[in-house]
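S.K.:
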Amino acid sequence: MDLRAVLLRATAARPRVLLLTMPGATAVRLAAERELRRRDLPEARTPAEANVLFVAGAVGPSLEPAVDRLWRDMPAPRVRAHARTADEVAAAVAASRVSLATPLPRPGIEGHGEGTHHHGGGHGDGTGMPAGPAMAERGPDRDGLALDRVHLSFGPFLPDWPAGLTMRLTLQGDVIQRADLAESLWGATAAVSPYWTEPWTRAAAGEEVLLGEAARRRAAAHLDSLGRFLAVAGWPGQATAARRLRDDLVAGAEAAAVRPRAERFARRTGRSRTLYWLTRGMGELSRAEAEAAGVSGPAARADGDVPARYREWLTAVVDDVARLDDRTRLNDRRPLGDRRRLYDHSRPNDQDRRDDRDRRNDRNRRADQDRPDDHSRPSDQRRPDDRSPHDPAAPHGPRGRLDGPRPPSAALAAVLPRLLAGAEVAAARLIVASLDPDPDELAAQLPAAARG
Numbered sequence: 024m025d026l027r028a029v030l031l032r033a034t035a036a037r038p039r040v041l042l043l044t045m046p047g048a049t050a051v052r053l054a055a056e057r058e059l060r061r062r063d064l065p066e067a068r069t070p071a072e073a074n075v076l077f078v079a080g081a082v083g084p085s086l087e088p089a090v091d092r093l094w095r096d097m098p099a100p101r102v103r104a105h106a107r108t109a110d111e112v113a114a115a116v117a118a119s120r121v122s123l124a125t126p127l128p129r130p131g132i133e134g135h136g137e138g139t140h141h142h143g144g145g146h147g148d149g150t151g152m153p154a155g156p157a158m159a160e161r162g163p164d165r166d167g168l169a170l171d172r173v174h175l176s177f178g179p180f181l182p183d184w185p186a187g188l189t190m191r192l193t194l195q196g197d198v199i200q201r202a203d204l205a206e207s208l209w210g211a212t213a214a215v216s217p218y219w220t221e222p223w224t225r226a227a228a229g230e231e232v233l234l235g236e237a238a239r240r241r242a243a244a245h246l247d248s249l250g251r252f253l254a255v256a257g258w259p260g261q262a263t264a265a266r267r268l269r270d271d272l273v274a275g276a277e278a279a280a281v282r283p284r285a286e287r288f289a290r291r292t293g294r295s296r297t298l299y300w301l302t303r304g305m306g307e308l309s310r311a312e313a314e315a316a317g318v319s320g321p322a323a324r325a326d327g328d329v330p331a332r333y334r335e336w337l338t339a340v341v342d343d344v345a346r347l348d349d350r351t352r353l354n355d356r357r358p359l360g361d362r363r364r365l366y367d368h369s370r371p372n373d374q375d376r377r378d379d380r381d382r383r384n385d386r387n388r389r390a391d392q393d394r395p396d397d398h399s400r401p402s403d404q405r406r407p408d409d410r411s412p413h414d415p416a417a418p419h420g421p422r423g424r425l426d427g428p429r430p431p432s433a434a435l436a437a438v439l440p441r442l443l444a445g446a447e448v449a450a451a452r453l454i455v456a457s458l459d460p461d462p463d464e465l466a467a468q469l470p471a472a473a474r475g
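Heads up, the sequence shown is in the numbering used here, so the first residue is 24 and it goes up one at a time.
1. Cα separation between residue 433 and residue 460?
2. Return helix, strand or coil for residue 180, following the three-state DSSP convention.
3. I need the DSSP call for residue 294, collapsed to helix, strand or coil.
4. Would DSSP call residue 461 helix, strand or coil?
5. In three-state DSSP terms, what is residue 150?
6. Is the beta carbon of residue 124 less than 8 Å from the beta carbon of residue 26?
7. Does the segment 294-301 come close enough to the segment 270-278 that 3 or more CB-CB pairs lie under 8 Å?
8. Determine, using beta carbons only, whether residue 455 and residue 439 come nearer to each other than 8 Å.
9. How big is the Cα-Cα spacing for residue 101 and residue 429?
10. Restricting to runs no shorter than 4 residues, where is the alpha helix (DSSP H) found entirely within the segment 50-130?
11. Would you mind working out which of 49, 293, 309 sits nearest residue 216, comparing C-alpha positions?
12. Could you give the DSSP three-state label for residue 286: helix, strand or coil?
13. Rounded to the nearest angstrom, how far is the Cβ of residue 422 from that of residue 320, given a contact under 8 Å?
14. Tell me which residues share the same chain as residue 340 and place their Cβ nearer than 7 Å to its Cβ, disregarding the 5 neighbours each side in the sequence.
15. Using the rule of at least 16 other Cβ atoms within 10 Å of the residue's Cβ for burial, across every protein chain shown, is residue 121 buried or exposed?
16. Would residue 66 and residue 76 qualify as a contact pair, given that the criterion is a beta-carbon distance under 8 Å?
17. Between residue 314 and the rest of its own chain, which residues show a CB-CB distance below 7 Å, the 5 nearest in sequence each way excluded?
18. Does residue 235 pass the burial test, meaning 16 or more other C-beta atoms within 10 Å, or should it be called exposed?
19. Do residue 90 and residue 43 have their C-beta atoms closer together than 8 Å?
20. DSSP three-state label for residue 195, please.
21. So, helix, strand or coil for residue 281, using DSSP?
22. Residue 80 and residue 112 - do their beta-carbons sit closer together than 8 Å?
23. Which same chain residues, not among the five before or five after residue 71, have their C-beta less than 8 Å away from its C-beta?
24. With H, G and I counted as helix, E and B as strand and the rest as coil, what does DSSP make of residue 347?
25. Roughly how many angstroms lie between the CA atoms of residue 110 and residue 47, to the nearest whole one?
26. Go through its chain and collect everything with a Cβ distance to residue 222's Cβ below 6 Å, but skip five positions before and after it.
27. Which residues in the same chain as residue 55 place their Cβ atom closer than 7 Å to its Cβ, once the five residues preceding and following it in sequence are excluded?
28. With distance defined between alpha-carbon atoms, name the residue in 57, 184, 39, 203 nearest to residue 441.
29. Taking buried to mean at least 16 other C-beta atoms within 10 Å of its own C-beta, is residue 35 buried or exposed?
30. If contacts are defined as beta-carbon pairs under 8 Å, then residue 425 and residue 458 qualify, I think. What distance do you get, rounded to the angstrom?
31. So, with DSSP's three-state summary, where would you put residue 446?
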């Protein structure tokens with residue numbers, strides 16, 4: 024009996040998949056995550072534990088070196104799969120398992136082990152430095168002491184991290200002294216239409232879009248963000264619950280089936296004292312600071328730290344799920360204006376004011392029940408033009424206002440350097456996950472020349 028063949032077949036039966044999502048490929052990622060769960064295939068957290076490198080979307084020239092570096096870091100047996108569209112996902116997963124179970128005629132050379140079904144590339148440490156990572160240097164810390172400084176990069180591919188986003192950090196001990204945003208890696212290979220804001224974009228183009236459809240898409244987007252945040256926070260069971268709810272919403276599940284689950288999910292997550300104490304005080308962003316930086320949406324309404332932001336997501340999910348059956352046309356609730364902007368504002372009528380007051384009162388009651396203590400801000404602090412931030416007919420996508428000069432995720436990414444400076448390394452990923460800028464929006468703002 025060929026022992027190698029037996030081991031390969033055993034590996035192919037349940038391989039660990041390292042999923043890399045390219046900017047602009049959210050729909051492909053969602054299809055890949057659903058397919059992996061359907062087949063009960065675990066996702067790998069690092070290249071060292073992966074058997075399959077699954078690339079979702081088209082790889083741009085700025086991200087290709089990072090993809091190749093992860094491929095080189097994977098041990099044999101390994102295969103590389105690629106799906107450019109959601110329709111290609113199932114076939115790509117099946118083909119990768121077949122390839123993984125097929126022994127190669129001879130062992131691979133160094134860096135090209137068995138199961139390698141992709142061309143090789145140059146070898147190196149991926150730092151761009153001939154001698155490897157830079158040695159630590161000395162620099163003053165916050166107290167004026169001369170301490171070692173180390174330069175590291177977070178991104179562009181980390182588990183539960185915005186695809187393509189790269190933060191270059193300067194560390195002293197476990198404290199981030201400086202953080203810089205590398206914008207050059209956002210680019211996609213072609214023009215990008217952000218997946219999560221599609222209903223509002225279609226309505227702005229004159230298509231008939233129902234309020235319930237916009238609410239469904241925004242609730243799914245917030246659940247997607249919550250899934251990433253909870254996974255980073257170390258609550259995998261609740262992260263999976265968020266993703267299952269997200270997938271059911273995207274698939275068109277009935278409101279009666281989804282609403283009780285969404286409310287249970289929001290109660291359990293919002294009332295978790297462990298999650299609150301783990302994240303409180305991290306990434307403080309006041310409403311005034313957010314508005315000055317151009318940040319809108321949940322991050323601005325939260326007016327506080329990481330717990331305030333994830334609770335704002337939970338509130339928005341429950342509110343949007345309650346609107347799934349709304350058959351009003353999105354175009355009928357707000358007049359379309361300049362096509363360069365998605366919507367113009369109109370003053371709310373008396374019914375709008377009553378509806379908003381009722382929603383505010385409900386939110387306040389839920390916040391009083393869910394809040395472990397009195398450290399959270401009042402939830403009814405609103406600007407005059409932001410009376411109904413959870414209304415799908417308003418120009419508010421999942422990340423913020425859609426009628427501004429740039430996508431809302433661009434402002435979210437721009438505030439990251441300030442929020443990360445002075446934070447501990449362990450808190451950095453939680454802060455990023457609580458803002459969760461959309462890679463599709465970041466890629467969409469770049470000119471064609473920057474996409475390569």
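Using N, Cα and C, we set each Cβ at its ideal position, and we do this for glycine too.
M.R.: Looking at the atomic coordinates:
1. Within the sequence shown, the letter at position 410 stands for residue 433. Within the sequence shown, the letter at position 437 stands for residue 460. The straight-line gap from Cα to Cα measures roughly 7 Å.
2. Reading the sequence shown from its first residue, position 157 is the one you call residue 180. Coil.
3. Locating residue 294 in the sequence shown gives position 271, where the first residue counts as 1. In the structure shown, residue 294 sits in coil (DSSP, three-state: anything other than H, G, I, E or B).
4. Along the sequence shown, one-based indexing puts residue 461 at 438. Note: residue 461 maps to coil in three-state DSSP.
5. Residue numbering aside, residue 150 sits at position 127 when the sequence shown is read from its first letter. Because the pLDDT of residue 150 is 41, which lies under 50, any placement of that residue in the model is unreliable, and the question is left without a value.
6. Along the sequence shown, read from residue 1 onward, the residue named residue 124 stands at position 101. Along the sequence shown, read from residue 1 onward, the residue named residue 26 stands at position 3. Result no, Cβ atoms of residue 124 and residue 26 do not sit closer than 8 Å.
7. no
8. Sequence index remark: in the sequence shown, residue 455 carries index 432 (1-based). Sequence index remark: in the sequence shown, residue 439 carries index 416 (1-based). Against a cut-off of 8 Å, the Cβ pair of residue 439 and residue 455 comes out as a contact.
9. Residue numbering aside, residue 101 sits at position 78 when the sequence shown is read from its first letter. Residue numbering aside, residue 429 sits at position 406 when the sequence shown is read from its first letter. C-alpha separation (whole angstroms): 41 Å.
10. 87-96, 112-123
11. Taking the sequence shown and counting its residues from 1, the one referred to as residue 216 is at position 193. Per the Cα distances, 49.
12. In the sequence shown, the residue the question calls residue 286 occupies position 263. Note: residue 286 maps to helix in three-state DSSP.
13. As a position in the sequence shown, residue 422 is number 399, starting the count at 1. As a position in the sequence shown, residue 320 is number 297, starting the count at 1. Rounded, the Cβ-Cβ distance is 5 Å, consistent with contact.
14. On the sequence shown, position 317 is the one that residue 340 refers to. These residues qualify, in order along the chain: 242, 245, 246, 285, 289.
15. Stepping through the sequence shown from its first residue, residue 121 is reached at position 98. Looking at its Cβ environment, which holds fewer than 16 other Cβ atoms inside 10 Å, residue 121 is exposed.
16. Counting from one through the sequence shown, the residue named residue 66 turns up at place 43. Counting from one through the sequence shown, the residue named residue 76 turns up at place 53. In this structure, residue 76 does not lie closer than 8 Å to residue 66 by Cβ.
17. Locating residue 314 in the sequence shown gives position 291, where the first residue counts as 1. Contacts found: 323.
18. Within the sequence shown, residue 235 is the residue found at index 212, counting from 1. Residue 235 comes out buried.
19. Counting from one through the sequence shown, the residue named residue 90 turns up at place 67. Counting from one through the sequence shown, the residue named residue 43 turns up at place 20. Yes, Cβ-Cβ distance for residue 90 and residue 43 is below 8 Å.
20. Here residue 195 refers to the residue found at position 172 when the sequence shown is read from its first residue. Three-state DSSP puts residue 195 in a strand.
21. Taking the sequence shown and counting its residues from 1, the one referred to as residue 281 is at position 258. Looking at residue 281 - three-state DSSP - the assignment turns out to be helix.
22. Translated into positions along the sequence shown, residue 112 becomes position 89. Translated into positions along the sequence shown, residue 80 becomes position 57. No; because the gap between Cβ atoms is not below 8 Å, this pair is not in contact.
23. Looking up residue 71 in the sequence shown gives position 48. 96, 97, 98, listed in sequence order.
24. Against the sequence shown, residue 347 aligns to sequence position 324. Residue state, collapsed to three classes: coil.
25. If you number the sequence shown from 1, residue 110 lands on position 87. If you number the sequence shown from 1, residue 47 lands on position 24. Their backbone Cα atoms lie some 15 Å apart in a straight line.
26. Taking the first residue of the sequence shown as position 1, residue 222 is located at position 199. For residue 222, where only same-chain residues beyond five positions count, the Cβ hits under 6 Å are 232, 236, 237, 240.
27. As a first step, residue 55 must be located in the sequence shown, where it is residue number 32. If we look at residue 55 and ignore the five residues flanking it on each side, its Cβ neighbours are 42, 77, 79, 106, 112.
28. Residue 441 sits at position 418 when you count from the first residue of the sequence shown. Nearest option by C-alpha distance: 203.
29. Residue mapping note: residue 35 aligns to position 12 of the sequence shown, counting from 1. Buried, since its Cβ has 16 or more Cβ neighbours within 10 Å.
30. Taking the first residue of the sequence shown as 1, we reach residue 425 at position 402. Taking the first residue of the sequence shown as 1, we reach residue 458 at position 435. Not quite, the Cβ-Cβ distance comes to about 17 Å (not below 8 Å), so this is no contact.
31. Here residue 446 refers to the residue found at position 423 when the sequence shown is read from its first residue. Correct three-state label for residue 446: coil.
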